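Some notes on the structure that comes next.
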Amino acid sequence: MSVSILSALVLSAVQAAPAPVEHATPAPVVLAGRAETVRRYASDARQGVAVGPDAVYAVSNWSIVRYDKARGEKQAEWTGDRARFPHINSCNLIAAELVCASSNFPATPHVSTVEVFDPADLHHKRSLSLGLGTGSITWVDRHDGSWWALFANYDGRGGEAPRDHRHTTLVRFDDQWRRLEGWALPPSILERIAPLSISGGGWGPDGRLYLTGHDLPELYVVALPMGGGVLDHVETLGIEAEGQAVDWDETQPGMLYGITRRTREILAMKAPVSVR
Numbered sequence: 008m009s010v011s012i013l014s015a016l017v018l019s020a021v022q023a024a025p026a027p028v029e030h031a032t033p034a035p036v037v038l039a040g041r042a043e044t045v046r047r048y049a050s051d052a053r054q055g056v057a058v059g060p061d062a063v064y065a066v067s068n069w070s071i072v073r074y075d076k077a078r079g080e081k082q083a084e085w086t087g088d089r090a091r092f093p094h095i096n097s098c099n100l101i102a103a104e105l106v107c108a109s110s111n112f113p114a115t116p117h118v119s120t121v122e123v124f125d126p127a128d129l130h131h132k133r134s135l136s137l138g139l140g141t142g143s144i145t146w147v148d149r150h151d152g153s154w155w156a157l158f159a160n161y162d163g164r165g166g167e168a169p170r171d172h173r174h175t176t177l178v179r180f181d182d183q184w185r186r187l188e189g190w191a192l193p194p195s196i197l198e199r200i201a202p203l204s205i206s207g208g209g210w211g212p213d214g215r216l217y218l219t220g221h222d223l224p225e226l227y228v229v230a231l232p233m234g235g236g237v238l239d240h241v242e243t244l245g246i247e248a249e250g251q252a253v254d255w256d257e258t259q260p261g262m263l264y265g266i267t268r269r270t271r272e273i274l275a276m277k278a279p280v281s282v283r
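Just so you know, the sequence shown maps onto residues 8 to 283 in our numbering.
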């Protein structure tokens, strides 16, 4: 092959390669209200928090730590095999079990599982594999007779081409974990979370769905659309937590728990929401 032909092929390949996506810094957003931080718990939480009637749980990839809710004292700890549990992102106390969203992030192709623990002593009870595809699961919740889970997609690290952050998907499952429905995020949220994705979420005490990103101290309120497959962005609330996994306290309606990565603390936040 001649030098001129080789040069032409190289030039053609360079020209055909897609340009890297550039994301502008999100503009300030108009907040509908702001949650007030009312308590802090010393912890080493790195991914998120779960809350129950008498305990809070710090979630950190391959470890979970239970703290007494009243005194903040450490009560139990579970540490898993990093190869088997590289990224437990969030947990939620559902029907007297600690139900956690786990994936192989940042590895690809994406593999997602639901891991179930005893909420008292944190021993691992069972695992449900959701397999390949859709994205990396970041949170799971139970609502209105169904299982709900959010599958994150990313630009760059942790992303699985050709999907990017715009392919982040909310999925509703039946009791046998068969997919029933799925929804995309609206542009008004996608522009806030780019180039990353949704890290936390769950159904609030007012029956609305709340989502958090990865870096911004914002809580996105969304609703299932009356038509189409894109969630409706209702409003945005301010919070101290810089995104990451959050959990509503069902014993104290309106109390939202999150973390701050600056200090690894767990935050109890009073959110300006109505309660059914």
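Just so you know, even glycine gets a beta-carbon here, dropped at the ideal spot from N, CA and C.
Since the model is a prediction, treat every value here as computed from it, not as a measurement.
Between Val121, Ala57, Asn160, which has its C-alpha nearest Trp154's C-alpha? Nearest option by C-alpha distance: Val121.
Let me know if His130 comes out buried or exposed under the rule of 16 or more other beta-carbons within 10 Å of its beta-carbon. Flag for His130 reads exposed.
With H, G and I counted as helix, E and B as strand and the rest as coil, what does DSSP make of Ala20? Low confidence applies here, because Ala20 scores a pLDDT of 39, under 50, leaving its location unreliable; read the following figure in that light. Ala20: helix per DSSP, three-state reduction.
Using 10 angstroms around the beta-carbon of Glu188, count the other beta-carbons present and answer buried if the total reaches 16, otherwise exposed. Exposed, since its Cβ has fewer than 16 Cβ neighbours within 10 Å.
Pull up the distance between the alpha-carbon of Val106 and that of Arg268, whole angstroms please. The straight-line gap from Cα to Cα measures roughly 22 Å.
Option in Arg89, Tyr161, Ile266, Val72 with minimal Cα separation from Lys81: Ranking the options by Cα distance to Lys81, first place goes to Val72.
When you compare the CB positions of Glu218 and Ala230, do they come within less than 9 Å of one another, or not? Per the sequence shown, the amino acid found at residue 218 is Leu instead of Glu. Not closer than 9 Å, so no.
Going residue by residue through the segment 47-84, where are the continuous beta strand (DSSP E) segments of at least 3 residues, counting only ones entirely within it? List check, beta strand (DSSP E) in window: 55-58, 62-67, 70-75.
Decide if the segment 219-226 is in contact with the segment 249-256; the criterion is three or more beta carbon pairs, one per stretch, under 8 Å apart. By the Cβ rule, the segment 219-226 counts as touching the segment 249-256, because three or more pairs are nearer than 8 Å.
Which residue wins for smallest C-alpha separation from Tyr64, given the options Val282, Arg179, Leu274, Val178? The option with the nearest alpha carbon to Tyr64 is Leu274.
Can you check whether the CB of Glu242 is closer than 9 Å to the CB of Gly59? Their beta carbons are not under 9 Å apart, which means Gly59 does not touch Glu242 by this criterion.
With DSSP run on the structure shown, which of helix, strand or coil describes Val10? Confidence at Val10 is low in this model, with a pLDDT of 40, below 50, so its placement is unreliable and the value that follows should be read with caution. Residue state, collapsed to three classes: helix.
Since Asn99 and Gly209 are thought to touch, with beta carbons under 8 Å apart, how far apart are those beta carbons, to the nearest angstrom? That belief holds up - the Cβ atoms of Asn99 and Gly209 are roughly 6 Å apart, short of 8 Å.
Range of the contiguous alpha helix (DSSP H) that encloses Ile246: DSSP places Ile246 outside any alpha helix (DSSP H), giving it a letter other than H or E.
Short check: CB of Ile95 to CB of Val66, under 9 Å? Taking C-beta atoms as the reference points, Ile95 and Val66 count as a pair closer than 9 Å.
Out of Ala278, Tyr264, Pro279, point me to the one whose CA is closest to Ala52's CA. The residue with the shortest Cα to Cα distance from Ala52 is Tyr264.
Identify whether Leu177 lies in helix, strand or coil by the three-state DSSP scheme. Looking at Leu177 - three-state DSSP - the assignment turns out to be strand.
Residue ranges of each beta strand (DSSP E) within the segment 100-169, 3 or longer: As far as the segment 100-169 is concerned, its whole beta strand (DSSP E) runs of at least 3 residues are 104-110, 118-124, 131-139, 143-150, 153-159.
Label Trp85 either buried or exposed according to how many other C-beta atoms from any shown protein chain fall within 10 Å of its C-beta, with 16 as the threshold for buried. Trp85 is buried by the Cβ-count criterion.
Since Leu197 is in the beta strand (DSSP E), which residue starts that stretch and which ends it? From DSSP, Leu197 is part of no beta strand (DSSP E) but of the alpha helix (DSSP H) over 194-200.
Please classify Leu16 as buried or exposed, where buried requires at least 16 other C-beta atoms within 10 Å of its C-beta. Low confidence applies to Leu16: its pLDDT is 40, below 50, so where it sits in the model is not reliable enough to give any reading.
Take Gly236 as the anchor and find which of Ala191, Gly140, Arg164 has the nearest alpha-carbon. Comparing Cα positions, the closest option is Ala191.
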